[in-house]
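Residue numbers (my numbering): 30 to 224. Backbone N, C-alpha and C fix where the C-beta goes; we use that ideal spot for every residue, glycine too. Fair warning: this is a prediction, and the values are worked out from it, not measured in the lab. What follows is a short report on a single structure.
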Amino acid sequence: RYVFLSDGLLGLLDEDEIAAVFAHELGHVRNGHVWLRAAAMFWPLGVAAAVATAFPHAIEHAASYVEKGGLDAMTALGLAGLAAIVIYVLTFFAFYSRSLEHEADLSVCDLFPPGVGGPTFCSALERLGRAQGSRRARSWQHASIADRVKFLESVERAPKLGLRYRRRIRLVGGIVIGLALSPLIGLLLSSFLLG
30 RYVFLSDGLL GLLDEDEIAA VFAHELGHVR NGHVWLRAAA MFWPLGVAAA
80 VATAFPHAIE HAASYVEKGG LDAMTALGLA GLAAIVIYVL TFFAFYSRSL
130 EHEADLSVCD LFPPGVGGPT FCSALERLGR AQGSRRARSW QHASIADRVK
180 FLESVERAPK LGLRYRRRIR LVGGIVIGLA LSPLIGLLLS SFLLG
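Right, here's the structure in full:
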């Protein structure tokens, strides 16, 4: 595994802040976030495949219903599928990605002595916010710097919040992995049951 830190980042932060950013990135690696994000991206396709396998005539029925309205069935179903993907990515996937960022933020607290990691990483985030010109702007995969700092400060004050957060993220991650594997599980079960 590799963790890349840009020259700009290295020039902006002090050594402790760089170590905190590195700890955050290690949190992504240690918690398997690449795999969880991949599972979160692909589980809707897996579930759709499982539904199509379980109900093979559903797509034909939907297509004939659409054609009765005068639309080209494949175009309409394709646009509906594309719209569903965009909505999914901008809602659940974006929320889940931001949640994984918070979990990686918590990893900084694990890898530093108590009371050191959170404040050091918050300092690094604040510097990045000043360099970017905004601490309130968020991206679709990252919460705003202000939200991340607030989250870490609340966990510093009440460490049990971090434990509860991690349990919830692990539960959601397990569900995401289960959904991503559902077509394979369904195939294995049907092969086993049907013989």
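{"Asked": "Nearest-angstrom Cα separation, counted from L42 out to V118", "Found": "32 Å"}
{"Asked": "Reduced DSSP secondary structure (H/G/I, E/B, other) of R165", "Found": "coil"}
{"Asked": "Whole runs of the alpha helix (DSSP H) within the stretch 55-124, excluding any shorter than 4 residues", "Found": "62-83, 86-97, 102-117"}
{"Asked": "Stretch-stretch touch, CB-based, cutoff 8 Å, three pairs: the stretch 136-143 with the stretch 51-61", "Found": "yes"}
{"Asked": "Rounded separation between R193 and N60 - CA only", "Found": "16 Å"}
{"Asked": "Runs of beta strand (DSSP E) lying entirely within the stretch 132-206, each at least 3 residues, in chain order", "Found": "none"}
{"Asked": "Exposure of A172, with buried meaning 16 or more beta-carbon neighbours within 10 Å", "Found": "buried"}
{"Asked": "Contact the stretch 155-164 vs the stretch 78-94: 3+ CB pairs below 8 Å", "Found": "no"}
{"Asked": "Spatial neighbours of G96 in its chain, beta-carbon cut-off 8 Å, leaving aside the 5 residues before and after", "Found": "Position check: residue 96 holds Glu in this sequence, whereas Gly was assumed. So the qualifying residues of the chain are A102."}
{"Asked": "Cβ-based neighbour list, V32, same chain, cut-off 8 Å, excluding 5 preceding and 5 following", "Found": "F51, E54, L55, V58"}
{"Asked": "C-beta atoms of S211 and G75 nearer than 8 Å", "Found": "yes"}
{"Asked": "Collapsed DSSP secondary structure at V32 in the structure displayed", "Found": "coil"}
{"Asked": "Burial state of S126 (16 or more Cβ within 10 Å)", "Found": "buried"}
{"Asked": "Alpha-carbon spacing of H86 relative to I206, whole angstroms", "Found": "27 Å"}
{"Asked": "Rounded separation between G144 and E185 - CA only", "Found": "7 Å"}
{"Asked": "Separation of A209 from F71, as counted between CA atoms", "Found": "6 Å"}
{"Asked": "Proximity winner among A113, V115, G40, L129, relative to W64 (alpha-carbon distances)", "Found": "L129"}
{"Asked": "For D43, three-class secondary structure by DSSP", "Found": "coil"}
{"Asked": "Exposure of E132, with buried meaning 16 or more beta-carbon neighbours within 10 Å", "Found": "buried"}
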